[in-house]
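Taking it in order: structure first as structure tokens, then the write-up.
In the working numbering, the protein residues as written are 1 to 253.
Here it is in structure tokens:
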């Protein structure tokens, strides 16, 4: 598995820690509310809401929190309807790696100022719209926990169900699909009894930038700081990290 893909798995593990301090649940609730506001509160008729609810379940978010977020977005819950808007920012990290940030914000000026400042302090810089987006494509990504010898069989079953590609690690398997096939492939894998850790729409780089140990540590710290910003929902990069850098990162985190 490439250093880039393994970073995605580490991010999910970090998300479990974030959930304990409430940050992940807050961001999930915001995504659910926006999806409900834009496409209606019926997940059967609203694909974005359905995916957001499933992601909240994968992260063990309490059902009451999910229900409240749906009602806030639809304007049927207690309090006023939340009015977050979507904004995407692009920039560069140490070593020239590309970074894309997807945000939900009620104050664009605050959001862009925080992102610009965080990038600058971390050795990166904010770029113009479109400066790195060309290097990414939207994909469905399903991460599974697998036992010894199970990976290849599950991966082939995913391909039969409509997946495009896969990457195998020692104890995890990453399946990639078109955005349209994400749910159907997930359902097929669930039918096989596969242990799904996470399933989401993601941005996958077409070309990666290999970083040395020093730039990797710098970039990983920067990505961490960006993900901690309240308005930042998701962070994507084309940086590829050596194994040693990822080990140091997880040990220090």
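Glycine included, C-beta positions come from ideal geometry on N, C-alpha and C.
Any beta strand (DSSP E) of 3 or more consecutive residues that is wholly inside the stretch 111 to 166:
136 to 145
Provide the residue(s) that pair with residue 198 in DSSP beta bridges, ordered along the chain.
Translated into positions along the chain shown, residue 198 becomes position 198. According to DSSP, residue 198 bridges with 143.
Three-pair Cβ contact test at 8 Å for the stretch 192 to 207 versus the stretch 135 to 143
yes
Among the residues of its own chain, which have a CB less than 6 Å from the CB of residue 249, if the five just before and after it don't count?
The residue given as residue 249 occupies position 249 in the chain shown. Around residue 249: 220.
Keeping to the same chain, check which residues put their C-beta closer than 6 Å to that of residue 36; ignore five residues upstream and five downstream.
By 1-based counting over the chain shown, the position of residue 36 is 36. Close CB contacts of residue 36 within its chain, under the 6 Å cut and outside five residues either way in sequence, are with 49, 70, 73 and 74 (chain order).
Presumed contact (8 Å Cβ cut-off) between residue 34 and residue 84, rounded CB distance
In the chain shown, residue 34 corresponds to position 34, counting from 1. In the chain shown, residue 84 corresponds to position 84, counting from 1. 6 Å between Cβ atoms; contact.
Under 8 Å Cβ to Cβ from residue 217, same chain only, skipping five residues before and after it: list those, please.
Position 217 of the chain shown, counted from the first residue, corresponds to residue 217. Excluding residues within five positions, the ones whose Cβ falls inside 8 Å are 245, 248 and 249.
If you scan the stretch 197 to 253 from start to end, which runs of the alpha helix (DSSP H) of 4 or more residues do you find wholly inside it?
213 to 228 and 243 to 252
Where the beta strand (DSSP E) through residue 176 begins and ends:
Position 176 of the chain shown holds residue 176. Where residue 176 is concerned, the enclosing beta strand (DSSP E) stretches over 172 to 177.
Could you tell me the distance, in whole angstroms, from the CA atom of residue 86 to the CA atom of residue 211?
Numbered from its first residue, the chain shown carries residue 86 at position 86. Numbered from its first residue, the chain shown carries residue 211 at position 211. Cα to Cα, the separation comes out at about 30 Å.
Residue 235 classed as buried or exposed, judged by whether at least 16 other C-beta atoms fall within 10 angstroms
Sequence index remark: in the chain shown, residue 235 carries index 235 (1-based). Residue 235 is buried by the Cβ-count criterion.
DSSP state of residue 85 mapped onto helix, strand, coil:
In the chain shown, the residue the question calls residue 85 occupies position 85. Three-state result, residue 85: strand.
Simplified DSSP assignment, three categories, for residue 63
Taking the first residue of the chain shown as position 1, residue 63 is located at position 63. Correct three-state label for residue 63: helix.
In its own chain, which residues sit with a C-beta less than 7 Å from the C-beta of residue 96, not counting the 5 before and 5 after it?
If you number the chain shown from 1, residue 96 lands on position 96. Excluding sequence neighbours, residue 96 sits near 209.
Buried or exposed for residue 113, going by 16 or more other Cβ atoms inside 10 Å?
Residue mapping note: residue 113 aligns to position 113 of the chain shown, counting from 1. Flag for residue 113 reads exposed.
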